[in-house]
Every structure is written in structure tokens, then in C-alpha cells.
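Counting with our numbering, you get residues 5 to 192 for the letters of the sequence shown. Positions of the beta carbon are idealized from the N, C-alpha and C atoms, including for glycine. Every value quoted in this text rests on a predicted model; they were computed, and no experiment measured them.
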Amino acid sequence: MRFLVELFATLVIALALGLSTAWFMVSAPRIGTGVGAWKAVPAVSADTADPYTRARVARTGEIVLGAGEGLVFIAEADDDGRPLDGACDYRISGATPTARLWTLSMVDDAGGLPASVSGRTSLTSREVLRDAEGRFEIAVAATARSGNWLPSHSRGAEKAILRLYDTPLALSPDQNMRMPRIVRGTCR
């Protein structure tokens, strides 16, 4: 009888560990190296994607960028290393690496976009206001701001997602790339 109890306990533990590690591998995006607060998400192609990546893409329905299409960078913290929080305002400023087009959006942990009265969910390189040297400053806040404003959630953990489309970095990474700075402002 003791043998059956030990066998059953071993099987339950093995099943729990196996399912939890598989869930972790399927749910966690692969984050690579980056610059400052920004971490690169490696490009995915149908030929080289591992089974966990294929399962994650199938489960989430996300549309990933191929190696020649561009790069995605995710920031989960500001430049001081503090996690991004919807209860705080942020300033994203500076410049981006060379790209034909870029988009910047804020999402919650589930990937949801913030509700916005204006209907804005992201900013693009085509609509952002810049100074004479090509730099920009974007206010990230739950309530509207003048100038470049990107809506955020009113509370909870957030991520900033910067997508660079048709960028030379996708083919030959540049170690001297410029990425925008993320600075925390006031918190509610």
C-alpha cells in the first residue's frame, strides 16, 4: 500500500512540475539583450521557431515580426530600474534607432491597451512632434497632456512596447544604438 501512495505522490508532483514549467515556457516571451530599460524581443521565423514559441504564438494570437521586418523592444521598468506603474506619469524622450516607421504603445500585463476617450492607443514616428535635432518628448499618463501624449492605464503594472519597422538593426545589430529614456514623474 505504501508503494502505491509513494507512486501516486511522485506522479502528482511530476505532473504538477511538468505542467507548470510548460505553462511558463509558453506564456513568457523570450526577451533578449537591450539598451537601458529596453529589452529586445528576438525575431521569430517559421523555420527556426522552437515548439514553445510556436505554442505561445498560437495561444496568444500575436503577430510577430520576422527577422527582415523589424524589431520589438519591451520596457517593463524605467531607467532607474523601477517597474512601470499605471499610477505614475512618465516621460519618454530622446531618439530611436533608424527605422522607416516606429510605434510606441503601453500595455498591461495581459497585453491590453488602455481605454482612452480620444481613441488613441499608440504613437507613431509619423505623428510625433520633434525638436530641431530630431528628438522627441512623450508624456505617458492616464489623463490627456499637451504635446506628445500617450495614454496609460490608471493603475497596475505596465509595459512600453516600441516596434521598429524596416530597420537596418534587424539584419545587423548596432551596439551603439540610441534608445529613448524613460523617466518617472509624479505618482497618484
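Asked                                                                                                    : Found
Pull up the distance between the alpha-carbon of L105 and that of Y169, whole angstroms please.          : 5 Å
For M110, which three-state DSSP category applies?                                                       : strand
Would you check if the distance between the CB atom of F77 and the CB atom of L154 is smaller than 9 Å?  : no
My output table needs one value for V121: the three-state DSSP class, helix, strand or coil.             : coil
What does the Cβ neighbour count give for V144, buried or exposed, with the cut at 16 atoms within 10 Å? : buried
Which residue wins for smallest C-alpha separation from G116, given the options F7, D82 and G160?        : G160
Going by CA-CA distance only, name the one from E162, A13 and P101 that's closest to L75.                : P101
Name, in chain order, the residues that DSSP records as bridge partners for W153.                        : A143
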